[in-house]
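Inspection log for the structure reproduced underneath, given as structure tokens.
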Amino acid sequence: MEKMILNGKLVAQTEIKVDFEDRGYQFGDGIYEVIRVYNGQLFTAEEHLKRLMDSAKHIFLSVPYSASEINEQLQELVKANSLESGIIYLQITRGVSPRNHAFPNPSVDCMYIAKTKAVPRSTANADTGVNAITTEDIRWLRCDIKSLNLLGNILAKQKAAEAGCFEAIQHRDGTVTEGSSSNVSIVSGGKIITHPANNLILNGISRQVMLHLCASNDIPVEEREFTVDELMNAEEVFLTGTTIEVLPIIKIDGTVIGDGQPGQITQKLQELFSNEVERQCGVRN
Ligand code: DCS
49 MEKMILNGKL VAQTEIKVDF EDRGYQFGDG IYEVIRVYNG QLFTAEEHLK RLMDSAKHIF
109 LSVPYSASEI NEQLQELVKA NSLESGIIYL QITRGVSPRN HAFPNPSVDC MYIAKTKAVP
169 RSTANADTGV NAITTEDIRW LRCDIKSLNL LGNILAKQKA AEAGCFEAIQ HRDGTVTEGS
229 SSNVSIVSGG KIITHPANNL ILNGISRQVM LHLCASNDIP VEEREFTVDE LMNAEEVFLT
289 GTTIEVLPII KIDGTVIGDG QPGQITQKLQ ELFSNEVERQ CGVRN
């Protein structure tokens, strides 16, 4: 029987019921994280849980556990479900209360759940690269918070899916921000360029891993805004994200990027990322 975490305790998945007045259900009033598990080990868990706590702080949600307590609970969950390769999805909502926009007063207990999902570490897309579309970024101005409110992201991803593409690359007035569920970087003049970590993007943990790897391997990086025009004319384009790691983009809006193959720097980053996974979790596929 698959186990989940409900408010810090391991329970059978069948025991979890969502109240229709849960604020996550009614308002998307909550936060979440997705953490990769390789070889039964959580990858960059501390970074994910720090971001979770930051998201909580930004929405004035008090979490009754510390990051290290949650970390331990997640490790127990992974063990209980014998998860080798996969993800942990975890979300915390502002709890159950009669519908009213303002926070419950007095406050109620938050609702915290976590579940695992087995996902093999597939290399098919990583080897060939994928296609993307561009679309206007219609989201709110606090994209740095990993909020349950994902309508803007969902509409963008659906547009990509309908175009037969993997990802939608969003832009505000011609400035590229990020993918619907990933960060976007380009290679131009041999340099990696990626949007600065501000309120307009989620500061991806995979993006941060990539930046560290660049710093320690003398790969030049510029964290600055870039335009859709620069994107379309880039030597290489790639995405980063927890489930996709480093994923090459070879065509955008039907236009071939570079020579239409995963680029050299992108491939180098894929290799460095794999080494980092091996270093932290002791696995290589
Ligand atoms: N930007 C957005 C909007 C995202 O949703 C994600 C991850 C990222 C960037 C990349 O962040 P990480 O490197 O920390 O994963 N989205 C998660 C999600 O919703 N499913 O999988 C990953």
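Residues 49 to 333, numbered by the numbering used here, are exactly what the sequence shown covers, in order.
C-beta: ideal position from N, C-alpha, C; glycine also.
Because the structure is a prediction, the values reported are computed rather than measured.
Could you have a look at Ser229 and say whether DSSP puts it in helix, strand or coil?
Of the three classes helix, strand and coil, the one that applies to Ser229 here is coil, per DSSP.
What I want to know is whether the C-beta of Tyr86 ends up closer than 8 Å to one or more non-hydrogen atoms of the ligand DCS.
Checking the Cβ of Tyr86 against the ligand DCS gives no.
Could you tell me if the beta carbon of Cys191 falls within a distance shorter than 8 Å of some heavy atom in the ligand DCS?
At a cut-off of 8 Å, the beta-carbon of Cys191 counts as near the ligand DCS: some heavy atom of the ligand is closer than that.
Under the three-state DSSP convention, the category His260 falls into:
The answer is helix: DSSP assigns His260 an H, G or I state.
Just list the residues that DSSP pairs Gln218 with in beta bridges.
Thr183, per the DSSP bridge assignment.
Taking just the CA atoms, how far does Thr176 sit from Glu210?
Looking at the two C-alpha atoms, the distance is approximately 21 Å.
Using only the heavy atoms of the ligand DCS, determine whether one of them is closer than 8 Å to the beta carbon of Lys207.
No, since every heavy atom of the ligand DCS falls outside the 8 Å radius drawn around the Cβ of Lys207.
Using a 10 Å radius around the Cβ and a threshold of 16 neighbouring Cβ atoms, would you call Lys51 buried or exposed?
Answer is buried; the Cβ neighbour count reaches 16.
Quick check: the segment 154-171 against the segment 55-66, are at least 3 beta-carbon pairs closer than 8 Å?
At 8 Å Cβ cutoff, the stretches touch.
I'd like to confirm the pairing. Which residues does DSSP put opposite Val235 in its beta bridges?
Answer is Ile240 and Glu284.
Pull the bridge partners of Tyr86 from the DSSP assignment, please.
For Tyr86, which the question treats as bridged, DSSP gives the partners Gln89.
Once DSSP output is grouped into helix, strand and coil, what is the label at Gly200?
In the structure shown, Gly200 sits in a helix (DSSP, three-state: H, G or I).
May I have the straight-line CA-CA distance separating Val178 from Glu293, to the nearest angstrom?
Straight-line Cα distance between these residues: approximately 13 Å.
Between Gly200 and Arg220, which are expected to be in contact by the criterion C-beta below 8 Å, what is the C-beta distance as a whole number of angstroms?
The pair is not a contact, with the Cβ atoms about 12 Å apart (cut-off 8 Å).
Cβ of Asn247 within 8 Å of any heavy atom in the ligand DCS?
Checking every heavy atom of the ligand DCS against the Cβ of Asn247, none is found closer than 8 Å.
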